[in-house]
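**Student:** Just so we're on the same page, the numbering used here is the position in the sequence shown counted from 1, plus 10.
From the three backbone atoms N, C-alpha and C, an ideal C-beta is built for every residue, glycine too.
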Amino acid sequence: MSEAAGWDALSRLEQRALIKLFGGGSLRRETPAVVELLRAQALVDESYALSMAGLFALTLAMRREQELARSRAARRSMPVRPL
């Protein structure tokens, strides 16, 4: 399973928690069930910090979104050929 597919398999709450950690936040007010799921998947370490696996999954998802945005922008800037 690719890491991007792993990101897509996470719930929106789990994704939000990882994004918060990436931005320097904490899991202090997160639902304990969400935190335990992230720990079970090794996306968060024992000190409730973003693990290397979590960082890798988040980074790949961010790169995928950036590439999609670039391709959409390129399509909009392409001139339309007359018939």
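Can you tell me whether DSSP reads L65 as helix, strand or coil?
**Tutor:** As a working mapping, residue 65 is identified with position 55 in the sequence shown. L65: helix per DSSP, three-state reduction.
**Student:** What does a CB cutoff of less than 6 Å around S81 pick up in its chain, not counting 5 residues either side in sequence?
**Tutor:** Looking up residue 81 in the sequence shown gives position 71. Once the five neighbours on either side are set aside, S81 has no close Cβ partner at all.
**Student:** I need the DSSP call for L60, collapsed to helix, strand or coil.
**Tutor:** Residue mapping note: residue 60 aligns to position 50 of the sequence shown, counting from 1. In this structure, L60 counts as strand in the three-state DSSP scheme.
**Student:** How would you write the range of the alpha helix (DSSP H) that E24 sits in, first residue to last?
**Tutor:** Translated into the one-based positions of the sequence shown, residue 24 becomes position 14. Where E24 is concerned, the enclosing alpha helix (DSSP H) stretches over 22 to 32.
**Student:** Is it buried or exposed for L31, if we count other Cβ within 10 angstroms and need 16 for buried?
**Tutor:** Residue numbering aside, residue 31 sits at position 21 when the sequence shown is read from its first letter. Classification of L31: buried, given that the 10 Å Cβ count is 16 or more.
**Student:** Take every Cβ of the region 67 to 77, pair it with every Cβ of the region 40 to 49, and state whether three or more of those distances are shorter than 8 Å.
**Tutor:** With the cut-off at 8 Å, the region 67 to 77 and the region 40 to 49 do not touch.
**Student:** Can you give me the C-alpha to C-alpha distance between S57 and A83, rounded to a whole angstrom?
**Tutor:** For this step, residue 57 is matched to residue 47 along the sequence shown. For this step, residue 83 is matched to residue 73 along the sequence shown. The straight-line gap from Cα to Cα measures roughly 40 Å.
**Student:** Given a cut-off of 8 Å on the beta-carbon distance, is the pair A63 and L53 in contact?
**Tutor:** Counted from its first residue, the sequence shown places residue 63 at position 53. Counted from its first residue, the sequence shown places residue 53 at position 43. It is a contact, given that the beta carbons lie within the stated cut-off.
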